[in-house]
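Trainee:
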Amino acid sequence: MKDNVEPYGIRSDIWALGISLVEIANGKQPFLGIQIFDLADLIQTWIPNIDDKLISFALKELILYLLKTDYRLRPMSYDEILGIPILQSVHAIPSNVEMNYITHIINNIVP
């Protein structure tokens, strides 16, 4: 096993969270149309293309942090993620505008 590849664990889930955030930010699945057999190699060199017209620089930085190819460079826990400064200013209950935006994105994801 490569040094930067971890067996399934919380950091795998943290990476999946990053992928979900890319999908929400861009309004489409990042690996749509890629064959599953090609995905493992692609992920090792993939640089996320995040549409930053709709998200802040800080949120883009958070997403890139969650998607570090080397699992040792990703957050080790959800508490660590919640301690990131951008999340300190997030309200526990989203606004109607935020809910409408997220609902729109989710409803328009291509299966």
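Residue numbering for the sequence shown follows the working numbering, beginning at 1 and increasing consecutively.
A virtual CB, placed ideally from N, CA and C, is assigned to each residue, including glycine.
Note that this is a predicted model, so its numbers are computed, not measured.
Among the residues of its own chain, which have a CB less than 7 Å from the CB of L59, if the five just before and after it don't count?
Mentor: Cβ neighbours of L59 beyond the five flanking positions: I86.
Trainee: So which of S95, V97, G9, L66 has the shortest CA-CA distance to L82?
Mentor: Nearest C-alpha to L82: L66.
Trainee: In whole angstroms, give me the CA-to-CA distance for M1 and A40.
Mentor: With a pLDDT of 48 at M1, under the threshold of 50, the predicted position of this residue should be treated as unreliable, and no value is reported.
Trainee: Taking 7 Å as the cut-off, decide whether the C-beta atoms of G27 and I105 are in contact.
Mentor: Taking 7 Å as the Cβ cut-off, G27 and I105 qualify as a contacting pair.
Trainee: Skipping 5 residues on each side, what residues in its chain have a beta carbon closer than 7 Å to that of W112?
Mentor: This structure cannot settle anything about residue 112, because the visible part of the chain is limited to 1 through 111.
Trainee: With C-beta atoms as the reference, is I47 less than 7 Å away from L21?
Mentor: Cβ atoms of I47 and L21: not closer than 7 Å.
Trainee: Are the CB atoms of A25 and I50 nearer to each other than 7 Å?
Mentor: In contact: A25 and I50 (Cβ atoms closer than 7 Å).
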